[in-house]
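Just so we're aligned, residue 1 is where the sequence shown starts under full-length UniProt numbering, counting upward by one. Backbone N, C-alpha and C define an ideal beta-carbon position, used for all residues, glycine too. In this text, all values refer to a predicted model and were calculated from it rather than measured experimentally.
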Amino acid sequence: MHYEVRHCTHCGTALQPITLAEDGGDKERLRCPACGWTHWNNPTPVLAAIVEIDGKVLLARNAAWPGKMFALITGFMEAGESPQEGIAREVKEETNLDVQSTTLVGAYEFLRMNQIIIAYHVVATGQVQLSPELVDYRLYDLADLKCWPAGTGYALADWLRTKGHEPVFFTAEENAERRRGLDEQPPQPPKD
Numbered sequence: 001m002h003y004e005v006r007h008c009t010h011c012g013t014a015l016q017p018i019t020l021a022e023d024g025g026d027k028e029r030l031r032c033p034a035c036g037w038t039h040w041n042n043p044t045p046v047l048a049a050i051v052e053i054d055g056k057v058l059l060a061r062n063a064a065w066p067g068k069m070f071a072l073i074t075g076f077m078e079a080g081e082s083p084q085e086g087i088a089r090e091v092k093e094e095t096n097l098d099v100q101s102t103t104l105v106g107a108y109e110f111l112r113m114n115q116i117i118i119a120y121h122v123v124a125t126g127q128v129q130l131s132p133e134l135v136d137y138r139l140y141d142l143a144d145l146k147c148w149p150a151g152t153g154y155a156l157a158d159w160l161r162t163k164g165h166e167p168v169f170f171t172a173e174e175n176a177e178r179r180r181g182l183d184e185q186p187p188q189p190p191k192d
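If you want it as structure tokens, here you go:
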């Protein structure tokens, strides 16, 4: 389900598209005609982890995804936490693994969902126990990983290059097969 901001969060008045001068020139945004509040519609920060455990990379499958679709561990950043704290929390919540080290891979656009993905490589230890949100996981040798042409797939590719592996991407047909049925389901937090 896609939610849209329709009312002012301060006074409850219905928002309207209003054009005002901003630093970059005139800009139309949803604004409150009563109190002047602006809905900026800024991208939401999402954290992603390339989880390495015992030299292998963990990819997981969300319960709402097709059976062939596995991706990185991701989640929304919480107020009051650093990105590093947030990714350690997400890895613990979703896999029960303890993060031992965290290295920034990069920031990636996910325009379709109006999100910015902050991707990390984490080395983790422990026994995998999936949260109810996830139904399966697989551990991959670096040479066996395939990247997907979106968001976290690009992060995985960039990280593989730092490890001396030229990334291999799913072909368009393979990626369509991997995602088959996904577009008919309600949107989920990004995994790719």
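Exercise for review: Output yes or no for whether 8 Å exceeds the beta carbon distance between residue 128 and residue 95.
Suggested key: yes
Check your understanding: How close, in whole Å, do the beta carbons of residue 58 and residue 139 come, if the pair is a contact with beta carbons under 8 Å?
Key -> About 6 Å; that satisfies the 8 Å criterion.
Practice item. Pick out whichever of 36, 42, 61 has its Cα sitting closest to the Cα of residue 14. Key: Residue 14 has its Cα closest to that of 36, out of 36, 42, 61.
Point to revise | Best match in 39, 88, 169, 109 for proximity to residue 8 [C-alpha to C-alpha] | key: 39
Review point. With distances taken between CB atoms, is the gap from residue 50 to residue 155 smaller than 8 Å?
Key: yes
Point to revise | Spatially closest choice to residue 83 from 148, 165, 46, by CA coordinates | key: 46
Point to revise | According to DSSP, residues forming a beta bridge with residue 4 | key: BP columns for residue 4 are empty, so no partner.
**Study point:** Range of the contiguous beta strand (DSSP E) that encloses residue 83
**Key:** Not the beta strand (DSSP E): residue 83 falls in the alpha helix (DSSP H), residues 83-95.
Exercise for review: Within 10 angstroms of the Cβ of residue 90, are there 16 or more other Cβ atoms? Answer buried if so, exposed if not.
Suggested key: buried
**Study point:** beta strand (DSSP E) segment containing residue 61, residue limits
**Key:** 56-62
Review point. Relative to the C-alpha of residue 136, which residue among 20, 64, 56 is closest?
Key: 64
Review point. What residues in its chain sit with their C-beta under 7 Å from that of residue 131, if we drop five residues either side in the sequence?
Key: Excluding positions up to five away in sequence, the list reads 93, 94.
Review point. What does residue 47 pair with, by DSSP beta-bridge criteria?
Key: 75, 118
Review point. Would you report the Cα separation of residue 112 and residue 160, rounded to the nearest angstrom?
Key: 25 Å
Check your understanding: Quick one: what's residue 25 bridged to in DSSP?
Key -> 22
Exercise for review: Output yes or no for whether 8 Å exceeds the beta carbon distance between residue 48 and residue 74.
Suggested key: The answer is yes: Cβ separation under 8 Å.
Review point. When burial is assigned at 16 or more other CB atoms within 10 Å of the CB, is residue 11 buried or exposed?
Key: exposed
Exercise for review: Select from 52, 166, 118, 29 the residue whose C-alpha is nearest the C-alpha of residue 77.
Suggested key: 118
Point to revise | residue 122 classed as buried or exposed, judged by whether at least 16 other C-beta atoms fall within 10 angstroms | key: Its Cβ being crowded by 16 or more others within 10 Å, residue 122 is buried.
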